[in-house]
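**Student:**
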Amino acid sequence: MSYAGLIDVTGRVNDFLNAGSVLSWDARTMMPKAGAETRSKQLATLAVAARNLLCSDETKRALDGAEISDKPADSAEARIVAQVREAINYHERIPTELLRRKTELGSAAHEVWAEAREKADFSIFADALTTMVDINREMAQAIGFDDHPYDALMYRFEPGTTKAGLDRLFARLRDGMLPLVRAIAGAEKPRSDFLFREYPVQAQMEFALKMAKRIGYDTDRGRLDTTVHPFEVSFTRNDVRITTRVNRSYMPMSLFGALHEAGHAMYEQGVDPAYTRTPLATDLISLYAVGGVSFGAHESQSRLWENHVGRSRAFWANHMGDIRAAYPGSLDDVTEEEFYRAVNRSEPSFIRVEADELTYDFHIMLRCELEAALIDGSLAVADLPDAWNAGMKSYLGVDVPDDAQGVLQDVHWSSGQIGTFCNYTIGNIMAAQLFETATDENSGIQAALDGADYTPLRAWLTDKVCRHGRRFSRDELLEKATGRTLDPDPYIAHLTRKYSDLYALA
């Protein structure tokens with residue numbers, strides 16, 4: 003067989019994964035509750051079929067016959083061959099039955115988690131989570147690791163990241179951020195009462211979509227829906243869907259949820275069309291049909307558009323009229339500066355997705371610590387709520403009122419995604435590093451943002467990040483775009499500048 007044969011067979015793997023993504027999107031947006039049991043089996047069937055085709059004799063023959071000796075080592079063709087070979091090796095270490103069990107439980111457990119969250123009762127979810135932790139422990143052992151089983155699980159989402167490396171990164175962030183958190187603790191807080199007024203659901207959805215489109219989300223290739231926990235999902239670059247959630251009494255949730263997910267979506271929509279249905283738009287390790295090179299790289303785009311753009315002073319200088327028009331009479335007594343300060347107010351909170359930029363990463367540190375302890379057995383699932391509450395008190399000084407606002411707030415564990423929380427902090431760091439480089443390299447980008455023109459920044463990100471899909475590793479991508487690998491200094495500098503200004507710190 004030829005290289006074309008390899009592209010054909012891996013294209014069919016991509017088709018299986020996209021079909022599963024459609025079913026998963028439906029399960030989280032429209033599916034009736036009673037459909038969960040059969041949906042879990044459907045998703046498992048597709049995941050196993052994708053894995054079996056990837057590891058089949060047909061794929062191996064195509065891989066052996068793919069002639070690319072005349073191609074550079076970093077060419078698309080050479081990277082595809084290398085990634086298929088790596089993925090086959092990875093999946094052949096994981097028993098098929100283990101993958102089936104994990105996928106089936108991931109779908110069924112979502113409904114159990116949703117019920118537990120609704121009733122604020124962790125005990126409802128405890129058995130399902132115990133089984134999911136056990137499955138992930140089995141997967142870690144099958145995958146293999148040098149130092150800690152958590153390393154094997156993070157590999158699926160952020161290749162090269164280890165618990166030891168993450169501990170060092172978190173320590174660097176704590177050193178840079180805790181002085182700011184403490185300095186702000188006693189400072190006067192910006193006015194924010196107007197964020198908690200009554201905002202109609204339909205008006206929120208319309209404005210959220212308007213702003214997502216304004217920064218560049220292409221609705222000819224996407225749509226916005228509501229869900230319990232916001233997410234983005236792509237079925238190739240030509241169908242990339244986003245969701246947000248709405249609280250009638252807290253408008254920023256829907257708006258910034260949509261901007262965040264639009265950032266994810268624009269990554270997928272910006273992948274080179276030539277990579278459609280190829281391994282460069284397919285995560286063959288995690289078995290997701292995504293073009294982002296890592297979950298952290300993906301998160302960099304969502305956090306960049308949500309925070310560096312959507313929470314900037316320039317954004318609200320330009321769009322205060324739009325938001326007043328969206329909610330007639332509700333914001334007439336609010337200046338653009340007051341609104342900007344309110345949506346950047348720093349105050350410890352219970353909910354990760356509503357946390358401000360400065361406290362957000364402490365939510366991530368806690369989750370990573372708890373996940374690692376669950377996987378190495380030093381923390382039992384039954385003790386997780388108490389450990390969560392103690393960690394929130396230690397890091398952020400808050401007393402968690404109930405399980406819904408505590409240990410049950412995130413959807414990830416219900417689907418078996420243990421090892422992915424590190425991606426959020428890595429994404430924050432990458433976002434600052436990319437934004438700093440973009441605006442330093444081209445002063446016209448910031449000038450355009452000041453004038454509500456988001457095209458130059460979007461074009462830079464598409465050229466430096468999105469179009470490459472999975473061709474380059476995360477650090478290769480960063481080196482090509484910024485001249486260095488992952489560097490937390492621009493992120494710490496960004497937070498220091500922003501919050502020193504907001505709170506008039508010396």
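For the sequence shown, the working numbering gives the first residue as 3, with consecutive numbering after it. Positions of the beta carbon are idealized from the N, C-alpha and C atoms, including for glycine.
(1) For a quick check, are the C-beta atoms of Leu-289 and Leu-19 less than 8 Å apart?
(2) Within the segment 123-182, note down every full beta strand (DSSP E) run reaching 3 residues or more, in order along the chain.
(3) Who are Asp-285's beta bridge partners in DSSP?
(4) Give every residue of the same chain whose Cβ lies closer than 7 Å to the Cβ of Leu-182, excluding the five residues on either side of it in the sequence, and list them in chain order.
(5) Does the Cβ of Lys-104 have 16 or more other Cβ atoms within 10 Å, making it buried, or fewer, making it exposed?
(6) Taking all protein chains shown into account, decide if Ser-42 is buried (16 or more other Cβ within 10 angstroms of its Cβ) or exposed.
(7) What are the uninterrupted segments assigned as beta strand (DSSP E) that are 3 or more residues long and contained completely in the segment 400-424, given in chain order?
(8) Quick check: what's the CA-CA separation for Pro-387 versus Glu-263?
(9) Assign Asp-334 to one of three DSSP states: helix, strand, or coil.
(10) Are Glu-160 and Phe-297 close, meaning C-beta to C-beta below 8 Å?
(11) Counting along the chain, where does the alpha helix (DSSP H) carrying Thr-105 start and finish?
(12) Could you check what DSSP says for Val-273 in three-state terms: helix, strand or coil?
(13) Around the Cβ of Leu-507, are there at least 16 other Cβ atoms within 10 angstroms (buried) or fewer (exposed)?
(14) Taking just the CA atoms, how far does Asn-54 sit from Tyr-92?
(15) In chain order, what residues of the same chain lie with their CB nearer than 7 Å to the CB of Leu-45, ignoring the 5 residues before and after it?
(16) What distance in whole Å lies between the Cβ atoms of Asp-378 and Tyr-152, which are believed to be in contact at a cut-off of 8 Å?
(17) Which value, in whole angstroms, describes the spacing of the CA atoms of Thr-238 and Pro-254?
(18) From the DSSP output, in three-state form, read off Asp-227 for me.
(19) Assuming Glu-349 contacts Phe-423 (C-beta within less than 8 Å), just tell me the rounded distance between them.
(20) Can you check which of these residues, His-112, Val-400, Glu-234, is closest to Leu-261 by C-alpha distance?
(21) Name, in chain order, the residues that DSSP records as bridge partners for Arg-87.
(22) Contact check, Tyr-5 vs Glu-88 under 8 Å by CB: the rounded distance?
(23) Using only alpha-carbon positions, find the residue among Glu-338, Glu-308, Ser-332, Leu-306 that is nearest to His-321.
(24) Just the C-alpha distance for Asp-17 and Val-467, rounded to the nearest angstrom, thanks.
(25) Does any heavy atom of the ligand FMN sit closer than 7 Å to the C-beta of Asp-72?
(26) Please report how far the alpha carbon of Ile-9 lies from the alpha carbon of Asp-285, in whole angstroms.
(27) Among Val-15, Asp-404, Thr-132, Pro-490, which residue has its Cα nearest to the Cα of Leu-107?
(28) DSSP on Val-279, reduced to helix/strand/coil?
(29) Would you call the segment 426-444 and the segment 301-313 in contact, with 3 or more CB pairs under 8 Å?
(30) Taking C-beta to C-beta, are Arg-193 and Gly-13 nearer than 8 Å?
(31) Rounded to whole angstroms, what is the Cα-Cα separation between Phe-196 and Ser-332?
(32) Would Phe-198 be called buried (16 or more neighbouring beta carbons within 10 Å of its own) or exposed?
(33) Could you tell me which residues DSSP pairs with Glu-234 in its beta bridges?
(34) How would you call Gly-453, buried or exposed, if buried means at least 16 neighbouring beta carbons within 10 angstroms?
(35) Taking a contact to mean a Cβ-Cβ separation below 8 Å, would you say Leu-257 touches Met-207 in this structure?
(36) For my contact list, Leu-479 and Val-295 are in at a C-beta cut-off of 8 Å; report their separation, rounded to the angstrom.
**Tutor:** Concretely, from the data shown:
(1) Here residue 289 is taken as the residue at index 287 of the sequence shown, counted from 1. Here residue 19 is taken as the residue at index 17 of the sequence shown, counted from 1. Cβ atoms of Leu-289 and Leu-19: closer than 8 Å.
(2) none
(3) By one-based count along the sequence shown, residue 285 stands at place 283. DSSP, once it has assigned bridges, lists Tyr-290 as partnering Asp-285.
(4) The residue you call residue 182 lines up with position 180 of the sequence shown. Correct list, in chain order: Leu-360, Leu-497, Thr-498, Tyr-501.
(5) Here the question's residue 104 lines up with position 102 in the sequence shown. By the neighbour-count rule (16 or more Cβ atoms within 10 Å), Lys-104 is buried.
(6) By 1-based counting over the sequence shown, the position of residue 42 is 40. Answer is buried; the Cβ neighbour count reaches 16.
(7) none
(8) Locating residue 387 in the sequence shown gives position 385, counting from the first residue. Locating residue 263 in the sequence shown gives position 261, counting from the first residue. Their Cα atoms are separated by approximately 28 Å.
(9) For the purposes of this step, residue 334 is identified with residue 332 of the sequence shown, where counting begins at 1. It is coil, neither helix nor strand.
(10) Reading the sequence shown from its first residue, position 158 is the one you call residue 160. Reading the sequence shown from its first residue, position 295 is the one you call residue 297. In terms of Cβ geometry, Glu-160 and Phe-297 form a close pair [threshold 8 Å].
(11) The count along the sequence shown starts at 1 and reaches residue 105 at position 103. DSSP places Thr-105 inside the alpha helix (DSSP H), whose first and last residues are 98-121.
(12) Working through the sequence shown from its first residue, we reach residue 273 at position 271. Residue state, collapsed to three classes: coil.
(13) The count along the sequence shown starts at 1 and reaches residue 507 at position 505. By the neighbour-count rule (16 or more Cβ atoms within 10 Å), Leu-507 is not buried but exposed.
(14) To locate residue 92, count along the sequence shown from 1; it is residue 90. To locate residue 54, count along the sequence shown from 1; it is residue 52. If you take the alpha carbons of Tyr-92 and Asn-54, they lie about 12 Å apart.
(15) Translated into the one-based positions of the sequence shown, residue 45 becomes position 43. These residues qualify, in order along the chain: Gly-22, Leu-25, Ser-26, Thr-105, Ser-109.
(16) Residue numbering aside, residue 152 sits at position 150 when the sequence shown is read from its first letter. Residue numbering aside, residue 378 sits at position 376 when the sequence shown is read from its first letter. At roughly 7 Å, the Cβ-Cβ gap stays under 8 Å, so Tyr-152 and Asp-378 are in contact.
(17) Taking the sequence shown and counting its residues from 1, one reaches residue 238 at position 236. Taking the sequence shown and counting its residues from 1, one reaches residue 254 at position 252. Cα to Cα, Thr-238 sits roughly 29 Å from Pro-254.
(18) Mapped onto the sequence shown, residue 227 falls at position 225. Asp-227 falls in the strand class under three-state DSSP.
(19) Counting from 1 along the sequence shown, the entry for residue 349 is found at position 347. Counting from 1 along the sequence shown, the entry for residue 423 is found at position 421. Glu-349 to Phe-423, Cβ: 22 Å. No contact.
(20) Counting from one through the sequence shown, the residue named residue 261 turns up at place 259. Of the listed residues, the one whose Cα sits closest to Leu-261 is Glu-234.
(21) For the purposes of this step, residue 87 is identified with residue 85 of the sequence shown, where counting begins at 1. Under DSSP, Arg-87 shares a beta bridge with no residue.
(22) Numbered from its first residue, the sequence shown carries residue 5 at position 3. Numbered from its first residue, the sequence shown carries residue 88 at position 86. Not quite, the Cβ-Cβ distance comes to about 17 Å (not below 8 Å), so this is no contact.
(23) Within the sequence shown, residue 321 is the residue found at index 319, counting from 1. Answer by Cα proximity: Glu-338.
(24) Counting from one through the sequence shown, the residue named residue 17 turns up at place 15. Counting from one through the sequence shown, the residue named residue 467 turns up at place 465. For Asp-17 and Val-467, the distance between alpha carbons rounds to 24 Å.
(25) For the ligand FMN, the structure offers nothing, since it holds no ligand at all.
(26) Translated into the one-based positions of the sequence shown, residue 9 becomes position 7. Translated into the one-based positions of the sequence shown, residue 285 becomes position 283. Straight-line Cα distance between these residues: approximately 14 Å.
(27) The count along the sequence shown starts at 1 and reaches residue 107 at position 105. When each option's Cα is compared against that of Leu-107, the closest is Thr-132.
(28) Looking up residue 279 in the sequence shown gives position 277. According to the sequence provided, residue 279 is Arg. The question's Val does not apply to it. Here Arg-279 sits in coil by DSSP.
(29) yes
(30) As a first step, residue 193 is located in the sequence shown; it is residue number 191 there, counting from the start. As a first step, residue 13 is located in the sequence shown; it is residue number 11 there, counting from the start. No.
(31) By one-based count along the sequence shown, residue 196 stands at place 194. By one-based count along the sequence shown, residue 332 stands at place 330. Using only the alpha carbons, I get a separation of about 8 Å.
(32) Taking the sequence shown and counting its residues from 1, one reaches residue 198 at position 196. By the neighbour-count rule (16 or more Cβ atoms within 10 Å), Phe-198 is not buried but exposed.
(33) Working through the sequence shown from its first residue, we reach residue 234 at position 232. Partner(s): Ile-244.
(34) Along the sequence shown, one-based indexing puts residue 453 at 451. Exposed: under 16 other Cβ atoms inside 10 Å.
(35) By one-based count along the sequence shown, residue 257 stands at place 255. By one-based count along the sequence shown, residue 207 stands at place 205. Not closer than 8 Å, so no.
(36) Within the sequence shown, the letter at position 477 stands for residue 479. Within the sequence shown, the letter at position 293 stands for residue 295. At roughly 6 Å, the Cβ-Cβ gap stays under 8 Å, so Leu-479 and Val-295 are in contact.
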